[in-house]
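Here's the structure, in structure tokens; my notes come after.
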Amino acid sequence: MRHLIDSGSRDTRPLTTMFTHRQAEVAQALRRGKANKIIAYELNLRESTVKVHIRNIMKKLKATNRTEVAYKVNDLFGEGALAQE
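Under our numbering, the first residue of the sequence shown is numbered 22, with each subsequent residue one higher.
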């Protein structure tokens, strides 16, 4: 529980250090709770491409669902990851 409180342990590097640029954009959208169809529209991608990016993000984070991806991205990178992109 202490690691959740101690924000000093967060990595302040941008998301692109772990993900490709496109995966970072998709991860940010997931973090904001957007649906695949909305992400696809906003990034000018096909929904199937978004699903592939999400699957690859989940593998990298060893996450089992979208909510876990959002939690892990927040835990690893904090809010600063969005501003540094």
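Heads up, the beta-carbon is just placed ideally off N, CA and C, and yes, glycines get one too. Only a predicted model underlies this, so the values are computations on that prediction, with no experimental measurement involved.
At a threshold of 8 Å, does residue i count as lining the ligand NAP (C-beta to nearest heavy atom)?
i, result
"Q44", "Absence of the ligand NAP from the depicted structure is noted, as is the absence of any ligand whatsoever, leaving it without description."
Let's see if you can read the secondary structure: which residues bound the alpha helix (DSSP H) around residue i?
i, result
"R52", "42-52"
"R67", "No alpha helix (DSSP H) contains R67, which DSSP labels as neither H nor E."
Residue j and residue i - do their beta-carbons sit closer together than 9 Å?
i, j, result
"K93", "A84", "yes"
"Q44", "N86", "no"
"K80", "F40", "no"
"E68", "N57", "yes"
"L66", "I60", "yes"
"A91", "L36", "no"
Could you tell me the alpha carbon to alpha carbon distance between residue i and residue j, rounded to whole angstroms?
i, j, result
"Q49", "H74", "12 Å"
"N95", "L64", "21 Å"
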